[in-house]
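Asks:
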Amino acid sequence: MRELLILNEFGNPQTVALIIIAAVSFVLGMNIVLFINDKEDDTVSDILKKWSYDKFFFLSFGWGVLFGHFFLGVTQRPFPTIDHFMSNLLSDWWPVIVVVAIVGIMIGIGYFLEKQDTLRVRPFWHLILLLLGVCYGHFIWTQNLG
Amino acid sequence: MSKIVIANRKFSTKNVNLFIQGVLIVLASILILFDVIWGSDGIGGNTISEIVQEFTNDSFFILIYLWGALAAHFFIPKRRIISLTLNDKLFGFLTVLLLGVVIGLVCGNYLESQDNTPFIELRTLVGSAGFVFGYIFWAQSFRNTPLA
Numbered sequence: 001m002r003e004l005l006i007l008n009e010f011g012n013p014q015t016v017a018l019i020i021i022a023a024v025s026f027v028l029g030m031n032i033v034l035f036i037n038d039k040e041d042d043t044v045s046d047i048l049k050k051w052s053y054d055k056f057f058f059l060s061f062g063w064g065v066l067f068g069h070f071f072l073g074v075t076q077r078p079f080p081t082i083d084h085f086m087s088n089l090l091s092d093w094w095p096v097i098v099v100v101a102i103v104g105i106m107i108g109i110g111y112f113l114e115k116q117d118t119l120r121v122r123p124f125w126h127l128i129l130l131l132l133g134v135c136y137g138h139f140i141w142t143q144n145l146g
Numbered sequence: 147m148s149k150i151v152i153a154n155r156k157f158s159t160k161n162v163n164l165f166i167q168g169v170l171i172v173l174a175s176i177l178i179l180f181d182v183i184w185g186s187d188g189i190g191g192n193t194i195s196e197i198v199q200e201f202t203n204d205s206f207f208i209l210i211y212l213w214g215a216l217a218a219h220f221f222i223p224k225r226r227i228i229s230l231t232l233n234d235k236l237f238g239f240l241t242v243l244l245l246g247v248v249i250g251l252v253c254g255n256y257l258e259s260q261d262n263t264p265f266i267e268l269r270t271l272v273g274s275a276g277f278v279f280g281y282i283f284w285a286q287s288f289r290n291t292p293l294a
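In order, the protein sequences belong to chains H and L. Letter by letter, the first sequence follows residues 1 to 146 in the working numbering. Letter by letter, the second sequence follows residues 147 to 294 in the working numbering.
Given below as structure tokens:
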């Protein structure tokens with residue numbers, strides 16, 4: 001009973017909001033310290049930039065996916081007949097599974113090409129990845145299904 | 147005073163970058179793990195996505211703009227970044243923030259007059275505006291990338 005209560009409090013939307021705000025504030029505070037210290041090029045922005053032109057080039061795609069997923073969203077997926085063949089649980093979760101698979105493949109490619117020393121990402125490709133991500137989050141991983 | 151100097155030196159060591167990378171990865175992993183728990187506990191309306199979407203339906207509409215600006219800031223560096231007397235990064239951030247406040251006030255008034263209906267078109271427009279302003283004023287340089 002007590003565990004249930006704690007779990008209930010943990011799942012409380014207010015707790016979730018608090019945890020999100022705490023995480024963002026932590027990163028912001030850390031970034032301010034990193035910004036005003038003596039060393040240059042060590043802020044979170046620098047790290048993310050370095051990563052995205054390196055093995056973690058999936059980051060721009062993920063950022064776009066989250067943009068579409070958080071802020072946009074269609075009320076009906078294209079090709080809704082696909083969902084009719086699935087159970088309720090699977091039709092809820094397949095967009096997540098697919099995006100995890102895509103990101104996993106991208107990380108794998110990134111590690112492989114980095115080892116081969118042939119990884120050359122350009123800003124143009126990041127723009128394309130961002131737009132593809134937004135489309136995925138908007139049309140497929142949508143929150144607004146009616 | 148000396149304590150501050152020592153702390154600053156510790157932060158300036160070579161390993162700090164690796165440490166911060168680790169912190170970011172651990173934080174993201176914790177949030178994802180929590181979100182899986184929240185998504186599968188059957189309560190509903192308590193995942194990160196739903197909370198963030200709810201934020202943007204009213205007072206934090208400008209989060210969309212910031213998300214777009216950060217996309218340009220993180221992933222689309224430029225050869226020539228805008229640099230004035232103030233530290234260029236701080237200048238860019240403050241400019242983008244100021245434009246965001248203006249856009250937020252305009253959109254807030256408009257949304258209030260429209261009974262807070264979330265418009266996909268308006269959201270796309272605000273996100274794109276964030277991206278464009280972020281690219282113009284707040285882009286990073288190519289330093290430390292293979293393209294430098």
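Backbone N, C-alpha and C define an ideal beta-carbon position, used for all residues, glycine too. Predicted model only: the values in this text are computed from it and were never measured.
I believe residue 127 of chain H touches residue 222 of chain L by the beta-carbon criterion, under 8 Å. Please report the beta-carbon distance rounded to the nearest angstrom.
Replies: 7 Å
Asks: Against chain H, with Cβ distances strictly below 7 Å, would residue 274 of chain L count as a contact?
Replies: By this cut-off, residue 274 of chain L is not an interface position.
Asks: Under the DSSP definition of a beta bridge, which residues are partnered with residue 287 of chain L?
Replies: L:224
Asks: Can you give the Cα-Cα distance for residue 60 of chain H and residue 244 of chain L, rounded to whole angstroms?
Replies: 25 Å
Asks: Would you say residue 141 of chain H and residue 69 of chain H are within 7 Å of each other, going by their C-beta atoms?
Replies: yes
Asks: Below 8 Å CB to CB, which residues in the same chain sit around residue 96 of chain H once its five sequence neighbours on both sides are set aside?
Replies: 141
Asks: Rounded to the nearest angstrom, what separates residue 62 of chain H and residue 138 of chain H at their Cα positions?
Replies: 13 Å
Asks: Taking CB distances under 7 Å as the criterion, tell me whether residue 17 of chain H reaches chain L.
Replies: Yes, contact with chain L.
Asks: For residue 195 of chain L and chain H, any beta-carbon pair shorter than 7 Å?
Replies: yes
Asks: Using 10 angstroms around the beta-carbon of residue 115 of chain H, count the other beta-carbons present and answer buried if the total reaches 16, otherwise exposed.
Replies: With fewer than 16 neighbouring CB atoms inside 10 Å of its own CB, residue 115 of chain H falls in the exposed class.
Asks: Are any of the Cβ atoms in chain H nearer than 7 Å to that of residue 297 of chain L?
Replies: Absent from the structure is residue 297 of chain L, since the part of chain L shown begins at 147 and ends at 294.
Asks: Going along chain H, which residues have a C-beta under 9 Å from residue 162 of chain L?
Replies: 34, 37, 39 and 42
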